[in-house]
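Structure record follows, encoded as structure tokens.
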Amino acid sequence: MNTACDSPALWPPARVLVVDDHQQARDSMADVLRRSGHVVDCCGSAHEALQLIERENYECIVTDLKMPGLNGVEFLIQLERRQYGAQVVMVTAHASVATAVEAMRHGAFDYIEKPFDADRLERLVAEAVRQARAERQEAAVAGRLPACAPPVMIGSSAAMQALRARIAQVAPTSETILITGESGTGKELVARTIHATSPRRSAPLVSLNCPVLSAHLMESELFGHERGAFTGADAHRVGRFELADGGTILLDEVTEIDLNLQAKLLRVLQEKAFERVGSSRTIHVDVRVLATTNRDLQSLVAAGKFREDLYFRLAVLPLAVPPLRDRREDVPELIEYFLQRCAQRLQRPPRRLDASAQELLLGYHWPGNVRELENIVTRASVLGTKETVT
Numbered sequence: 004m005n006t007a008c009d010s011p012a013l014w015p016p017a018r019v020l021v022v023d024d025h026q027q028a029r030d031s032m033a034d035v036l037r038r039s040g041h042v043v044d045c046c047g048s049a050h051e052a053l054q055l056i057e058r059e060n061y062e063c064i065v066t067d068l069k070m071p072g073l074n075g076v077e078f079l080i081q082l083e084r085r086q087y088g089a090q091v092v093m094v095t096a097h098a099s100v101a102t103a104v105e106a107m108r109h110g111a112f113d114y115i116e117k118p119f120d121a122d123r124l125e126r127l128v129a130e131a132v133r134q135a136r137a138e139r140q141e142a143a144v145a146g147r148l149p150a151c152a153p154p155v156m157i158g159s160s161a162a163m164q165a166l167r168a169r170i171a172q173v174a175p176t177s178e179t180i181l182i183t184g185e186s187g188t189g190k191e192l193v194a195r196t197i198h199a200t201s202p203r204r205s206a207p208l209v210s211l212n213c214p215v216l217s218a219h220l221m222e223s224e225l226f227g228h229e230r231g232a233f234t235g236a237d238a239h240r241v242g243r244f245e246l247a248d249g250g251t252i253l254l255d256e257v258t259e260i261d262l263n264l265q266a267k268l269l270r271v272l273q274e275k276a277f278e279r280v281g282s283s284r285t286i287h288v289d290v291r292v293l294a295t296t297n298r299d300l301q302s303l304v305a306a307g308k309f310r311e312d313l314y315f316r317l318a319v320l321p322l323a324v325p326p327l328r329d330r331r332e333d334v335p336e337l338i339e340y341f342l343q344r345c346a347q348r349l350q351r352p353p354r355r356l357d358a359s360a361q362e363l364l365l366g367y368h369w370p371g372n373v374r375e376l377e378n379i380v381t382r383a384s385v386l387g388t389k390e391t392v393t
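Last residue of the sequence shown: 393 (the working numbering), numbering continuous.
Written out as structure tokens, the structure is:
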């Protein structure tokens, strides 16, 4: 059996899938793992999970052992046949521990008993993620498989073809990229695609959502802190830049960073060095920086709300993501993609939009862009009572 001693907080955010036919159980596990900083998806069956893994790149899968349809062991065997590079943690009742141990013989990383202990779940997933990343990096070096599968970018319009061509140009470099575009256009998807097609794809992609943090908390998140550095700093913490060493950091909505903190960020871009909060020891890192914004950075610079020198450092390779109204010909393709994805999640045949509904959506201005379209299609799929939505 594997044992874990490292805190999950020391790990970059991981893609984790929780599979359990009991909603309360999977929601509870997902909540624990999200609080640890992981990006978590959930589904209610092994069949649904097998569909998800066709397009998603998970590092750890936490699955119940006893489920209708495919059980946990059968699911594990399917993953093995597909050579899917995620570590699997089994969740089992006490009476089926022997079966869980048997699952480990089939390649499961470890198991946890119900009712689960939150601390043990955090530790197991952190250790499983480390194992998955080590194995993927080893395999990538050996040339057996890509370390990170690029996400799906939907659209055949000229605007999307130009965007893909631009990504192909900039991804192989280590230069800083500023990704601009309105809310909902898919800036984060573009960033993930850049990382997944770059030489750094076997290393972590660590993201930080800048608007949700105060200046004080953001400094600690970016650079880490030592125990006792400030009130509430009860333990040493590694920052996002350190976690992303060798890989990529994504600063989502970078304009929300406080002016005083912008100076420290500038130094990292220039010198690849920083100090944790409460420490004088300089830490050097090799990190590529991707930044996104939905605002006009040049106007913010002119207004004195964003440092000009930082702007020039971030905008080495600018990349603009077009709004959906400028690529309306992609709307039918996006609708079909979202309808199929909803059908897989809901485990029922996909809904269809009749010609009048399609025409209405094609003529809409889409102020919320692709995210708004996805929400509308999801709502129609969930609430629609007929196979065809009018």
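Think of the CB as a built atom: it goes at the ideal place given N, C-alpha and C, for glycine as much as any other residue.
Bear in mind that the values here come from a model prediction, so they are computed numbers and not experimental data.
Option nearest methionine 70 by Cα separation, candidates Gly88, Ala49, Leu300 and Leu79
Comparing Cα positions, the closest option is Ala49.
Report back the beta-carbon spacing between glutamate 105 and valine 76 to the nearest angstrom; my notes put them in contact at under 8 Å.
Confirmed, Cβ separation roughly 7 Å.
Buried versus exposed call for threonine 391 [16 or more other C-beta atoms within 10 Å across all chains shown]:
exposed
Pairing CB atoms from the segment 306-323 with CB atoms from the segment 341-351, are three or more of them under 8 Å?
no
For alanine 294 and alanine 121, the rounded distance between their alpha carbons:
33 Å
Taking the alpha carbon of serine 483 as the point to measure from, which residue in Ala17, Pro370 and Leu262 has its own alpha carbon closest?
Nothing in the structure corresponds to residue 483, since the chain is present only between 4 and 393.
Can you round the beta-carbon distance between glutamate 222 and valine 280 to whole angstroms, since I take them to be within the 8 Å contact cut?
6 Å
Simplified DSSP state of asparagine 212, which is helix, strand or coil
strand
Count the C-beta pairs between the segment 179-194 and the segment 352-368 that are closer than 8 Å, then say yes if the count reaches three, no if not.
At 8 Å Cβ cutoff, the stretches do not touch.
Where does phenylalanine 244 fall in DSSP's three states?
helix
So, at 7 Å on beta carbons, what are the nonlocal neighbours of aspartate 24 in its own chain, with the 5 sequence-adjacent residues on each side left out?
Excluding residues up to 5 positions away in sequence, Gly47, Ser48, Asp67, Met70 and Pro71 lie with their Cβ nearer than 7 Å to the Cβ of aspartate 24 in the same chain.
Between which two residues does the alpha helix (DSSP H) holding tyrosine 314 run?
311-317
For a test of the three-state rule: what should DSSP assign to threonine 234, helix, strand or coil?
coil
Nearest to leucine 73 (by Cα), restricted to the options Glu62, Glu178, Glu130 and Glu51
Glu51
Assuming aspartate 30 is part of the alpha helix (DSSP H), what are its boundary residues?
26-38
What are the boundary residues of the beta strand (DSSP E) that arginine 18 is part of?
18-22
Using a threshold of 8 Å, state whether the C-beta atoms of glutamate 158 and alanine 206 are closer than that.
As written in the sequence, residue 158 is glycine, which differs from the glutamate given in the question. Not closer than 8 Å, so no.
Taking the runs of the alpha helix (DSSP H) that are 4 residues or longer, which of them lie wholly in the segment 254-317?
262-274, 300-305 and 311-317
I'd like to know if the segment 177-192 and the segment 370-384 are in contact, where contact means that at least 3 CB-CB pairs between them fall below 8 Å.
yes
Would you mind stating whether isoleucine 182 and valine 290 have Cβ atoms separated by less than 8 Å?
no
Answer yes or no: do leucine 246 and valine 128 have a C-beta to C-beta separation smaller than 8 Å?
no
Sorted by chain position, which residues of the same chain lie with C-beta nearer than 7 Å to glutamate 375's C-beta, five sequence neighbours on each side aside?
Gly187 and Trp369
Nearest by alpha-carbon distance to valine 3: which of Ser177, Gly40, Asp113 and Ala168 is it?
Nothing about residue 3 can be read from this structure; the chain reaches only from 4 to 393.
If you count every other CB in all the chains shown that lies within 10 Å of the CB of glutamine 86, and 16 or more means buried, which is it?
exposed
Could you check where the alpha helix (DSSP H) with proline 353 kicks off and where it finishes?
That residue, proline 353, is in no alpha helix (DSSP H); it is neither H nor E in DSSP.
Could you check whether leucine 211 and glutamate 224 sit closer than 8 Å to each other, using their CB atoms as the reference points?
yes
Assigned exposure category for serine 177 - 16 Cβ within 10 Å defines buried
exposed
Do you know how far the Cα of leucine 124 is from the Cα of isoleucine 80?
22 Å
Output yes if chain B places a C-beta closer than 8 Å to the C-beta of valine 334; else output no.
Protein chains in the displayed structure number just one, and chain B is not present.
Assign isoleucine 56 to one of three DSSP states: helix, strand, or coil.
coil
Using DSSP's beta-bridge definition, name the partner residues of threonine 95.
Residue pairing from DSSP places threonine 95 in a beta bridge opposite Glu116.
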